[in-house]
DNA sequence: GTTGTCATGAAAAGAATTTTTCAGAGTGCG
DNA sequence: CGCACTCTGAAAAATTCTTTTCATGACAAC
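Chains as they are written, first to last, in the working numbering: chain A, 1 to 290; chain B, 1 to 290.
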């Protein structure tokens, strides 16, 4: 079939001479702003071209398509080909590693996760969260699940250096009520929860909200139930060629946030880091003396 | 109207938490290969997502559109905008955010780190480490510094599920000698140490080696002093557009190792995971009864 | 002037799509 | 365990789209 390899645009051009007045008018309209102009219904494009719908049907059949739906299907394929990323395949990573080695398969997956996650993250959300966590009047509370606890700890460790008034909730949920007791309105609870979601976190989030705390959730593409209670949610792609989920992209977001927060309050942070350096030095001396 | 300025993708993301299971499934399907996946009829996209057409209608209305045709009209506009603007399609992940936004600068840096690290990592080294850590006769000890402690914990948490005989060293170095006391020849000490290197880790590594332990080090491109004592070393690129170093690529290597190890002993691991599931279930029951 | 051919669109018929209704399945909660 | 609730898709109803039919008008040939 002639249509198979050629683009719709090509087909129109090659048949242009054989078209009647109204059909030429329609063809012009289609080629103008091609291929988007052909996305609508037959009624729409007929109106846009100032012709009747039977003219459209007659023309697409004359061009070799089975009918208007067939014509449109071809157009959709072309749009897809135009849009879908030309950078589809990146060059191989480790030159000395076979393409099937776990390192390379993992790298493929992670890059894909990163790309998909970033298209999904709203920069406005990111900026809001950054400024929320920069506000030193708000207390910060970090909590994670069995696996994600390490991420919560990582985030906490950095924030503890950058600003005061930060708390890491213990892994054991039995101690959580006491933390909630101390939360004031405006405090922020940062929750890490990826599948399989932990039921206790929902209770914690509910209680925290009742205390007037804002909630920020890092979760996966399927969204933890705690996300429904959250002010802001980061949905991260976590799938890897592994029996385990990947936390790499989540850590990426965390690190970017750390930088954004630190940057917005650099003057104060600088002082704190200096002081901290001094404290480390003293500790070392204590040990030597002791 | 809220929909006016935001993209359909944004709208989906911002409503994602409020979506039900089938709707999330549909949203995923739409966002996958967005926006082309939404060009067809309601029947088509419902089939592709594996949901019913009423679900599609309900979701688009929930998103704030008047109906499916309205939803699709917005999508068409976006396709048009994407196609007629060649810069927009250049890099999809950047299209959502200005090129200078911290998220994009971070992404660039991380991809660069990943590429550089992978060209530097020998797959033979990787495989040796994986088989070393798969050996259940060897005890495993994990330790990290102030910042990298979270990475050590992350690695440990996974390995603890996969195999017995794993230990996480406390953050406090004063307890370390007792761990060394328990090490036997052939045990493996996994050290995370990136700048600024912690002096105590060298003492620990030396003592461990004297006990006949093998040492594996995760460090940065400048190499921690403990690397000299190590059997295998992973030198990871850690530079980010930040005042802090990035642990993303280190975590990447850790996760790839976890998968490699788990894979090599899958039969045994499977049993352990089943048992673990059962234990979790019991814990839940205990709580309910208690 | 008549006749035949062709192009065109109005309108009807036919075929789909979209929306609504409704009942069953599942879930949470007391 | 039972109740209330929400979610979900099958099926019907409503709507819109696509195709066909057909009448009209333009134009060329005789």
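Glycine included, each C-beta is placed from N, C-alpha and C at the ideal position.
Any chain A beta carbon closer than 8 Å to residue 163 of chain B: Chain A places no beta carbon closer than 8 Å to that of residue 163 of chain B, leaving this residue out of the contacts.
Contacting positions in the region 237 to 251 of chain B - beta carbon closer than 8 Å to chain A: Within the region 237 to 251 of chain B, the residues whose Cβ lies closer than 8 Å to some Cβ of chain A are 240, 241, 242, 243, 244, 246, 247, 248 and 251, listed in chain order.
Cβ-based burial, residue 250 of chain A [other Cβ within 10 Å; buried from 16]: Residue 250 of chain A should be labelled buried.
Partner residues on chain A for residue 262 of chain B, Cβ-Cβ distance less than 7 Å: Residues of chain A with a Cβ closer than 7 Å to the Cβ of residue 262 of chain B are, in chain order, 243.
Counted within 10 angstroms of its Cβ, other Cβ atoms place residue 178 of chain A as buried (16 or more) or exposed: That one is exposed.
Interface positions of the region 209 to 229 of chain B facing chain A (Cβ-Cβ less than 9 Å), listed along the chain: So nothing in the stretch comes that close.
Sub-8 Å separation of residue 76 of chain B and residue 40 of chain A beta-carbons: Contact check for residue 76 of chain B against residue 40 of chain A passes: the beta carbons are separated by less than 8 Å.
Neighbourhood of residue 214 of chain A by C-beta distance below 6 Å, restricted to the same chain and skipping five residues each side: Taken in chain order, the residues that qualify are 188 and 231.
Rounded straight-line distance, which links the Cα of residue 195 of chain B to that of residue 252 of chain B: In a straight line, the C-alpha of residue 252 of chain B is about 18 Å away from that of residue 195 of chain B.
Beta-carbon proximity of residue 79 of chain A to residue 68 of chain A, cut-off 8 Å: Result no, Cβ atoms of residue 79 of chain A and residue 68 of chain A do not sit closer than 8 Å.
Short CB-CB distance (under 8 Å) between residue 146 of chain A and chain B: Closer than 8 Å to some Cβ of chain B, the Cβ of residue 146 of chain A qualifies, so yes.
Close Cβ partners of residue 273 of chain A (< 6 Å) along its chain, the five nearest in sequence each way excluded: So no residue of the chain qualifies.
Buried versus exposed, by CB contacts within 10 Å (16 or more), residue 212 of chain B: Residue 212 of chain B is exposed by the Cβ-count criterion.
Where the region 184 to 198 of chain A meets chain B: residues whose CB sits under 8 Å from a CB there: Against chain B - using a Cβ distance shorter than 8 Å - the region 184 to 198 of chain A contributes no residues.
Limits of the unbroken alpha helix (DSSP H) element including residue 239 of chain A: Counted as a single uninterrupted DSSP element, the stretch harbouring residue 239 of chain A is not any alpha helix (DSSP H), since DSSP gives it neither H nor E.
Residues bridged to residue 144 of chain A (per DSSP): Partner(s): A/192.
Chain A residues whose Cβ lies nearer than 8 Å to that of residue 17 of chain B: Under a criterion of Cβ atoms nearer than 8 Å, the residues of chain A adjacent to residue 17 of chain B are, in order, 223, 227, 228, 230 and 233.
Residue 62 of chain A, buried or exposed, once every other Cβ within 10 Å from all chains shown has been counted against 16: Flag for residue 62 of chain A reads exposed.
Beta-carbon spacing of residue 261 of chain B, residue 134 of chain B below 8 Å: Yes, they are a contact pair.
Residue-level contact to chain A via CB, residue 267 of chain B, 8 Å cutoff: When Cβ-Cβ separations below 8 Å define contact, residue 267 of chain B makes no contact with chain A.
DSSP state of residue 122 of chain A mapped onto helix, strand, coil: It is coil, neither helix nor strand.
Beta-carbon contacts of residue 46 of chain B that lie in its chain and below 8 Å, excluding the five residues immediately before and after: Excluding sequence neighbours, residue 46 of chain B sits near 26, 52, 53, 55 and 56.
Inter-stretch contact (C-beta, 8 Å, three-pair minimum) for the region 157 to 176 of chain B and the region 128 to 144 of chain B: The region 157 to 176 of chain B vs the region 128 to 144 of chain B: in contact.
Contact list for the region 151 to 176 of chain A against chain B, Cβ threshold 8 Å: From the region 151 to 176 of chain A, only 151, 153, 154, 157 and 158 have a Cβ closer than 8 Å to chain B.
Cβ contact (3+ pairs, closer than 8 Å) linking the region 105 to 118 of chain B and the region 104 to 115 of chain A: The answer is yes - the region 104 to 115 of chain A touches the region 105 to 118 of chain B, with three or more Cβ pairs under 8 Å.
Proximity winner among B/59, B/257, B/191 and B/220, relative to residue 240 of chain B (alpha-carbon distances): The candidate whose alpha carbon is nearest that of residue 240 of chain B is B/220.
DSSP bridge partner residues for residue 235 of chain A (one or two, in chain order): Per DSSP, the beta bridge partners of residue 235 of chain A are A/219.
Residue 198 of chain A in three-state terms, based on DSSP: Residue state, collapsed to three classes: coil.
Endpoints, alpha helix (DSSP H) assigned at residue 19 of chain B: The continuous stretches of alpha helix (DSSP H) do not include residue 19 of chain B, and DSSP gives it neither H nor E.
Within 8 Å, strictly: CB atoms of residue 106 of chain A and residue 255 of chain B: Yes.
Per-residue burial, residue 245 of chain B [other beta carbons within 10 Å of its own, 16 or more giving buried]: By the 10 Å Cβ count, residue 245 of chain B comes out buried.
Whole-Å CB distance - residue 152 of chain A paired with residue 126 of chain A, under 8 Å assumed: Residue 152 of chain A to residue 126 of chain A, Cβ: 19 Å. No contact.
DSSP beta-bridge partners of residue 167 of chain B: DSSP, once it has assigned bridges, lists B/141 as partnering residue 167 of chain B.
N- and C-terminal bounds of the alpha helix (DSSP H) containing residue 257 of chain A: Taken as a continuous stretch (DSSP letters only), the alpha helix (DSSP H) holding residue 257 of chain A covers 248 to 264.
Cβ-based burial, residue 266 of chain A [other Cβ within 10 Å; buried from 16]: Exposed: under 16 other Cβ atoms inside 10 Å.
Beta carbon proximity, residue 46 of chain B to chain A, threshold 8 Å: Not closer than 8 Å to any Cβ of chain A, the Cβ of residue 46 of chain B fails to qualify, so no.
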